[in-house]
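Input: a single structure, listed below in structure tokens.
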Amino acid sequence: MNAKFYVTTPIYYVNDAPHIGHAYTTILADVLARFHRALGDDTFFLTGVDEHGQKVEQAAQKRGLTPQAHCDDLAPRFTSLWKKLGISNDDFIRTTQDRHKRIVQMILQKVYESGDIYQKEYEGLYSVAEERFITEKEAESGQFREVKTIKEKNYFFKMSKYQDRLIKYIEDHPNFLRPDHRRNEMLGFLRQPLTDLCISRPKARLSWGIEIPFDREYVTYVWFDALINYISAIGYGTDDAKFKRFWPGVHLIGKDILTTHSIYWTTMLFSLDLPLPETIFAHGWWLMGESKMSKSLGNVVRPLDLIEQHGVDAVRYYLMSEMILGQDANFTPENFIKRYNSDLANDFGNLLNRVSGLIGKNHGNVIPEAGTPTEAEAAIMAQGQILGKNVQALIADYKVDAAINEVMNLIRAVNKYMEMQAPWKLAKTDLPAAGRVLYTATEALRLAAVLLKAVMPDKAMIVLEILGAHDSGLTWGELKSGVTLPSFPPLFPRIELEKKT
13 MNAKFYVTTP IYYVNDAPHI GHAYTTILAD VLARFHRALG DDTFFLTGVD
63 EHGQKVEQAA QKRGLTPQAH CDDLAPRFTS LWKKLGISND DFIRTTQDRH
113 KRIVQMILQK VYESGDIYQK EYEGLYSVAE ERFITEKEAE SGQFREVKTI
163 KEKNYFFKMS KYQDRLIKYI EDHPNFLRPD HRRNEMLGFL RQPLTDLCIS
213 RPKARLSWGI EIPFDREYVT YVWFDALINY ISAIGYGTDD AKFKRFWPGV
263 HLIGKDILTT HSIYWTTMLF SLDLPLPETI FAHGWWLMGE SKMSKSLGNV
313 VRPLDLIEQH GVDAVRYYLM SEMILGQDAN FTPENFIKRY NSDLANDFGN
363 LLNRVSGLIG KNHGNVIPEA GTPTEAEAAI MAQGQILGKN VQALIADYKV
413 DAAINEVMNL IRAVNKYMEM QAPWKLAKTD LPAAGRVLYT ATEALRLAAV
463 LLKAVMPDKA MIVLEILGAH DSGLTWGELK SGVTLPSFPP LFPRIELEKK
513 T
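In the working numbering, the protein residues as written are 13 to 513.
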């Protein structure tokens, strides 16, 4: 029986314009989902948008729209971008959908009846920008905007009740919070007394939210609402079989929302007596570097503009190979061009062009016989035979950049092998030997394309179709001799930079 794999992105704030951070998390989830589907795992990939809260209400008012009309106008910015990026999500949830609101209200009622929600008057500092109460220490940090003192009666969730249980869980499950330095950060945070979580807002102050079922004068705090999407979308409270089939899953998040996911969300799940997520993985931020190449790429360079110029697969490849998961990465157009030209144009694309050109010139465009391997072929074969397992192990450990590099190491090894064997010379004296070299190099390309299909779905599939191997797998030697290669344009034309005059 195959395993199951449930992966989620955060639900993105509907007021934000989609940017490189949103794109990165969503492509990462897509790559993992595609890998798991290729393995035959029962896979479900969820993304969506968060549509409630004060900032949404205020933005709608400024536009002269109702909050719902405002959200209906903005949500397609995400769905259209995901389509452009080749995202293969199974569901897209919006927190204004009835299927979500009903479950949020059901959960509120359940937690209230269990005694984990109570009402009290509270006076404290409130960040309008973050839409939450903050401590004096947080206010002094200068990281919170629009801070004011608010005194009001609200409902609170007994988050503190689960503090010791959460500490023990994190300590006992090393793969629950990743990477390790984020796990240590949360354990450090939990050394301080955990306060209870204010989970309501009076309608007199904010009306745009999910109504509290046991007190119609209040709406639900946006984080208590938003986090529930991870279970409402897969059938919690409506489709028990589907929910049990997929929960728990893997949450991919940015490091800035680690506290809400690893503390707010987990204590909510404890209260509901549900298993905690399998893994919460907090990746780093994309930092924007100063570009020296404005002449060739335009004065204002936005990473997503590169899709129009160089294709979606090149952008997907860059984002997945450039960031070490858990660390920050620096985006510059120079970095993009350097990696594109090095990995895709020079290493992968050039090998494909050379191999197909030589097969066309000396073998009538027909993939030659594999022949009897020599020591040189055996070395490439040995690398190819273990590549699938190595890549799968790295993906399972969320080392996507390392997995891609492992594939590219085979391509680099084959480029060196081609230089050493020189099939263009061999063809003059020993055509079968030249064919053996070209078969080996072409089979390595096939295997690389199979493994890169999750990262570059379109380009990898084009390679496999060129080689007559669109449904092939990870076993070395699946490339069929005798297949006629079609002509094709360069898959990754080199990016030529304008020379300074």
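Built from N, CA and C at the ideal position, the CB exists for glycine as well. Here the structure is a predicted model, which is why all the values come from computation and not from measurement.
Kindly list the residues whose CB is nearer than 7 angstroms to the CB of residue i, restricted to its own chain and excluding five residues on each side of it in sequence; keep chain order.
i	result
phenylalanine 145	Gly136, Leu137, Tyr138, Cys210
leucine 318	Val327, Phe348
isoleucine 32	Trp298, Pro315, Leu316, Phe343
aspartate 359	Met420, Ile423, Arg424, Asn427
leucine 119	Contrary to the premise, residue 119 reads as isoleucine rather than leucine in this sequence. If we look at isoleucine 119 and ignore the five residues flanking it on each side, its Cβ neighbours are Ile240, Leu284.
arginine 157	Ser139, Ala141
phenylalanine 249	A small fix is needed here, since residue 249 is glycine in this sequence, not phenylalanine. Correct list, in chain order: Ile115, Met118.
tryptophan 277	Leu239
proline 435	Leu370, Ala446, Val449, Leu450
histidine 48	Phe17, Thr55
threonine 513	For threonine 513, the pLDDT reaches just 47, beneath the cut-off of 50, and the residue's location in the model is therefore unreliable, leaving the point undetermined.
arginine 75	His82
Pick out whichever of the options has its Cα sitting closest to the Cα of residue i.
i	options	result
asparagine 402	Leu463, Leu93, Phe360	Leu463
methionine 420	Leu509, Val495, Tyr352	Tyr352
isoleucine 162	Glu143, Leu178, Gly154	Glu143
glutamate 229	Leu459, Lys215, Leu239	Lys215
glutamate 455	Ala87, Phe17, Glu389	Glu389
aspartate 442	Lys160, Gly383, Glu490	Gly383
tyrosine 134	Leu503, Glu164, Lys267	Glu164
threonine 20	Ile243, Ser153, Asp110	Ile243
leucine 202	Ile275, His185, Ala253, Glu158	Ile275
arginine 506	Gly400, Asp102, Pro444, Gly323	Gly323
valine 449	Lys350, His193, Leu363, Tyr410	Leu363
glycine 98	Pro444, Ala415, Pro385, Ile39	Ile39
isoleucine 292	Gly154, Pro260, Gly369, Ala87	Pro260
alanine 461	Lys437, Trp488, Leu438	Trp488
phenylalanine 56	Gly361, Phe258, Pro501, Met335	Phe258
isoleucine 265	Ala294, Lys411, Ala45, Pro289	Ala294
glutamate 125	Glu334, Pro225, His48	Pro225
leucine 58	Asp483, Tyr18, Thr452	Tyr18
alanine 50	Ala434, Gly400, Tyr429	Gly400
methionine 332	Glu508, His34, Lys437, Val43	Val43
alanine 408	Thr37, Ala35, Ala45	Ala45
Tell me, which residues are paired with residue i by DSSP?
i	result
tryptophan 298	Ala341
isoleucine 292	Leu189, His263
isoleucine 105	Gly60
isoleucine 146	Leu137
cysteine 210	Phe168
lysine 132	Asn166
threonine 514	Since the displayed the chain opens at 13 and closes at 513, residue 514 lies outside it and no answer follows.
lysine 12	Coverage of the chain is limited to positions 13 through 513, which leaves residue 12 absent and any answer about it impossible.
In or out: residue i buried (at least 16 other Cβ within 10 Å) or exposed?
i	result
methionine 432	exposed
asparagine 311	Any reading at asparagine 311 is ruled out, since the residue's pLDDT is 32, under 50, leaving its predicted position unreliable.
lysine 471	buried
glycine 494	exposed
alanine 357	buried
glutamate 63	buried
isoleucine 392	buried
tyrosine 130	exposed
proline 22	buried
glycine 200	exposed
asparagine 187	exposed
proline 289	buried
lysine 465	buried
alanine 405	exposed
aspartate 103	exposed
Once the 5 residues before and after residue i are set aside, which same chain residues still bring their CB inside 6 angstroms of it?
i	result
alanine 15	Asp53
proline 191	Gly338
leucine 459	Gly396
phenylalanine 500	Ile478
With a CB to CB cut of under 8 angstroms and the five nearest residues on each side skipped, what residues in its chain are close to residue i?
i	result
aspartate 128	Phe169, Lys170, Lys173, Ser283
lysine 492	Ile379, Gly480, Ala481
tryptophan 220	His64, Gly65, Gln66, Val68, Glu69, Ala72, Pro79, Val231
lysine 160	Leu137, Tyr138, Val140
isoleucine 371	Asn377, Val378, Ile379, Pro380, Leu450, Thr454, Leu497
proline 30	Tyr24, Arg89, Phe90, Leu93, Leu316
serine 484	Arg458, Val462, Leu476, Glu490, Leu491
(request) Could you say if the stretch 171 to 190 and the stretch 273 to 288 meet the contact criterion of at least three C-beta pairs nearer than 8 angstroms? (result) Because the criterion of three Cβ pairs below 8 angstroms is met, the stretch 171 to 190 and the stretch 273 to 288 touch.
(request) Taking 8 angstroms as the threshold, find out whether the stretch 198 to 216 comes into contact with the stretch 226 to 243 through three or more Cβ pairs. (result) Touching, yes.
(message) Under 8 angstroms: do the stretch 266 to 273 and the stretch 102 to 119 share three or more Cβ pairs, one atom per stretch?
(response) These segments do not touch.
(request) Decide if the stretch 250 to 261 is in contact with the stretch 181 to 196; the criterion is three or more beta carbon pairs, one per stretch, under 8 angstroms apart. (result) Too few Cβ pairs lie closer than 8 angstroms, so no.
(request) Flag this pair as touching only if the stretch 67 to 76 and the stretch 91 to 101 have three or more C-beta atom pairs under 8 angstroms; answer yes or no. (result) Here the stretch 67 to 76 makes no contact with the stretch 91 to 101; the two share fewer than three CB pairs at distances below 8 angstroms.
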